[in-house]
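Just so we're aligned, residue 1 is where the sequence shown starts under full-length UniProt numbering, counting upward by one.
Ideal Cβ positions, reconstructed from N, Cα and C, are used throughout, including at glycine.
Okay, structure first, notes after.
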Amino acid sequence: MDKLGVITDDLTMTSGVMLAQSGIRAVSYLSAARMPRSESYEALIISTNSRNLPPRQAQQRVRDTYRALASHGAVHFTKRIDTTYRGGIGVEIDALLDEIGDDHTAIVANTLSASKRITVGGYALIDGQALSETDAARDVLSPVRESHIPTLLASQSTRQVGEIHLGCVLAGRSELQRAIDRQSHAGSRIIVIDAITTAHVRAIAQAVTDMDLAVVCVDSGALTQQMAICRGLGSADRLPVRSPRLASIADARHRVLVVAGSATELTRQQIGKLAKEKGVQIVSISPQELLDDEMRATAIRGGVRKIRDALARSAAQVVVVETAVSSMRIDLSSIETARKMTRGSSSARLTSGLASIVREVLSDQRIADDLCGISMTGGDTLFAVLKAIGAEGIRFIDSVQPQANLGAIVGGPHDGLRIVGKGGMVGDDETAKRIVTRLILEDVCGGIRVGASK
């Protein structure tokens, strides 16, 4: 069986869930060194956790990951990227093309219409705003200040970057194929193609497949999904079946733990809305204390105690642990400069602190047995928490809403536990509540609990 290999720069669930929704068995691993049950899956996804790394280090991780995926049977490849183009996308594309060979062309069609992420005239638009005018431009670790994607990629890659505008996509398959052929013959090894709808992305996938062109997909999920379908992956009998029921927090039989590791304003709004619900308790951890060498251990112990106390109360069905929602915004860059820390290390320190707290909380087996799921906001948080609690991967199930995705832990002491991963800039103010009630519904309808496996 020809497998699909997906290399992503942080731990994300969107691309995997989109494959699962097409009947494709997909799994994401935290490390290329441990890939349990890989023979059972058609799509293997590995995070290099390289979004904020220096270019050479990021490229080496991409190369190593490509080789690991190829050794496990992957023959088709995707360089999965963020919908807001954060990270060193160009340098990572270069690394993948170096490995797979320059007879391949990187097709960039990074549109997720359901999340209002589209590309027109080469410009990325997020919910109607130019990319450089969104929160992505203010990202703590990887700000994006260029909305024109060919320009952005050309500044990062050593390869020629071409672009194909929406008119060619709308003109039909033959015209689109001619445009791709022209760009390829002109020397472009990275081609950015406009798309507004899923139908446009499907048209791109069909055109490329019919050309028998050797390609690497570069996208956040939709192009990879459509290319996989065109290549014959998946089966209709594996499509997810959703329960017609709805659930509320009052229906909970077991507890939900929410780990909010994102500092975006949208995350603040979502957690603020969830906090107003009956049965929800917020546990706030001081970010300043987690960053302070002398206070960090005390802050972690205090956080563990507060969460355990909250979970011990029968009235608390949902416990939210956060560092950035209730406290004042802190300027991590200024802290790093003042303390002579490396760029990005303060954010990583906060994330690792949260992960340590969750690990200690779940070391109490009674608490672990009483959880029906964990919701995590932010790709860095998702990776750090899963690694800390001994998970080896994620089996993908379904989406709660676009870019808020449901899966189950693979490997480790919590094999089978339902989780939801969501980006910090995803959703509306009801999203956190929607995620919690979906995890409760999974449990009420017989979903996998801690300690069970499938």
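Check: Please report the distance separating the alpha-carbon of residue 52 from that of residue 274.; Outcome: 30 Å
Check: Whose C-beta lies closer than 7 Å to the C-beta of residue 120 among residues of the same chain, with five residues either side of it excluded?; Outcome: 166, 194, 196
Check: Using the rule of at least 16 other Cβ atoms within 10 Å of the residue's Cβ for burial, across every protein chain shown, is residue 371 buried or exposed?; Outcome: buried
Check: Candidates 342, 345, 296, 361: which alpha carbon is nearest residue 309's?; Outcome: 361
Check: Excluding the 5 residues preceding and the 5 following residue 178 in the sequence, name in chain order all residues of the same chain whose CB lies nearer than 7 Å to its CB.; Outcome: none
Check: What is the DSSP secondary structure of residue 322, reduced to helix, strand or coil?; Outcome: strand
Check: In the DSSP assignment, the beta strand (DSSP E) including residue 120 goes from what residue to what residue?; Outcome: 117-120
Check: Count the other CB atoms, across all protein chains shown, that sit within 10 Å of the CB of residue 317; report buried if there are 16 or more and exposed otherwise.; Outcome: buried
Check: Pick helix, strand or coil for residue 445, following the three-state DSSP scheme.; Outcome: coil
Check: At a threshold of 6 Å, does residue 60 count as lining the ligand PLP (C-beta to nearest heavy atom)?; Outcome: Looking for the ligand PLP in the displayed structure turns up nothing, as the structure carries no ligands at all.
Check: Note down the Cα distance separating residue 336 from residue 209, rounded to an integer number of angstroms.; Outcome: 48 Å
Check: Please list the terminal residues of the continuous beta strand (DSSP E) segment that includes residue 79.; Outcome: 74-80
Check: Going by alpha carbons, who is nearest to residue 419 out of 426, 394, 432?; Outcome: 394
Check: How far does the beta strand (DSSP E) with residue 289 in it extend, from its first residue to its last?; Outcome: Looking at the DSSP string, residue 289 is not in any beta strand (DSSP E); the run it does join, the alpha helix (DSSP H), is 287-291.
Check: Where do the N-terminal and C-terminal ends of the alpha helix (DSSP H) with residue 67 fall, by residue?; Outcome: 55-71
Check: Using alpha carbons as the reference points, say which of 16, 258, 109 lies closest to residue 149.; Outcome: 109
Check: Rounded C-beta distance between residue 400 and residue 320? I'm assuming under 8 Å.; Outcome: Their Cβ separation, rounded to whole angstroms, is 17 Å, which puts residue 400 and residue 320 out of contact at 8 Å.
Check: For residue 12, count neighbouring C-beta atoms within 10 Å of its own C-beta (all shown protein chains included) and say buried if the count is 16 or more, exposed if not.; Outcome: buried
Check: Can you name the start and end residues of the beta strand (DSSP E) that residue 5 belongs to?; Outcome: 3-8
Check: Is residue 14 closer than 7 Å to residue 403 when the C-beta atoms are compared?; Outcome: yes
Check: Given a threshold of 16 other Cβ atoms within 10 Å of its Cβ, counted over all protein chains shown, does residue 84 qualify as buried or as exposed?; Outcome: buried
Check: In terms of residue numbering, what span does the alpha helix (DSSP H) encompassing residue 16 cover?; Outcome: 14-20
Check: Looking only at C-alpha atoms, which of 305, 421, 392 sits nearest to residue 364?; Outcome: 305
Check: Terminal residues of the continuous beta strand (DSSP E) containing residue 309?; Outcome: Counting along the chain, residue 309 falls outside any beta strand (DSSP E), though it belongs to the alpha helix (DSSP H) covering 296-312.
Check: Under 8 Å, with one C-beta from each stretch per pair, do the stretch 226-235 and the stretch 142-156 reach the 3-pair mark?; Outcome: no
Check: Relative to the C-alpha of residue 213, which candidate in 411, 6, 76, 405 has its C-alpha closest?; Outcome: 76
Check: Counting Cβ pairs, one atom from each stretch, are 3 or more of them under 8 Å apart for the stretch 123-139 and the stretch 231-250?; Outcome: no
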